[in-house]
Amino acid sequence: MTQLNDTPATTAAEVEVPPVQPADILAYLARSVARDLTQLTLATADGVPELIAAAAEDAARGVDAFMATLMEAEGLTIEQAQTRAAGLIAEQGEVETRGTRLGELMDELGLRAAP
């Protein structure tokens, strides 16, 4: 008769999950930054200082994480990462900043792909 404790133990190799590589999350981070920038655009349009500050903080954190991940995953310089980030964010198609102060800031920071 088999008893419960007779069941062989699961080895660590059987349950090991491969680590997430930075390159695996680039698309997710690009979508997240695109949403953050959209929220910042909307908050700017609303003109409520508290909403603008909160949205700007979220966007800044997202951009920082995205840039650091790009630099680590692809071995890029900050300038190269800015260009690559702009392209990946633009691929998301969610960010509309033309004619806004946010658009001007993105241009100044080099976070928008060239037309």
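Heads up, the sequence shown is in my numbering, so the first residue is 313 and it goes up one at a time. No residue lacks a Cβ here, since even glycine has one placed at the ideal position from N, Cα and C.
Would you tell me roughly how many angstroms separate the C-alpha atoms of residue i and residue j, rounded to the nearest one?
i	j	result
Thr353	Glu384	28 Å
Val345	Pro330	26 Å
Ile311	Arg373	Outside the displayed range of the chain (313 to 427) lies residue 311, so it cannot be described from this structure.
Leu390	Gly359	The amino acid occupying residue 390 in the given sequence is Ile; Leu does not appear at that position. When rounded, the distance between both Cα atoms is 31 Å.
Val375	Ala355	17 Å
Ala393	Ala366	25 Å
Gln333	Glu362	36 Å
Glu403	Ala357	23 Å
Ile401	Ala339	9 Å
Leaving out five residues on either side along the sequence, give the residues of the same chain with a beta carbon under 7 Å from the beta carbon of residue i.
i	result
Ile337	Thr381
Ala368	Leu352
Leu388	Leu382 and Arg396
Step through the CB atoms of chain D and report whether any lies within less than 8 Å of the CB of residue i.
i	result
Pro334	In the structure shown, chain D cannot be found, because there is only a single protein chain.
Alpha helix (DSSP H) containing residue i: first to last residue?
i	result
Gly399	Ile390 to Gln404
Ala346	Leu338 to Asp358
Ala366	Pro361 to Glu386
Please work out which residues of its chain come closer than 6 Å, Cβ to Cβ, to residue i, disregarding the five sequence neighbours upstream and downstream, and give them in chain order.
i	result
Phe378	Leu341, Val345 and Ala397
Ordered along the chain, which non-local residues of its own chain (more than five positions away) have a Cβ less than 8 Å from that of residue i?
i	result
Asp370	Asp348, Gln351 and Leu352
Ala335	Ala385 and Glu386
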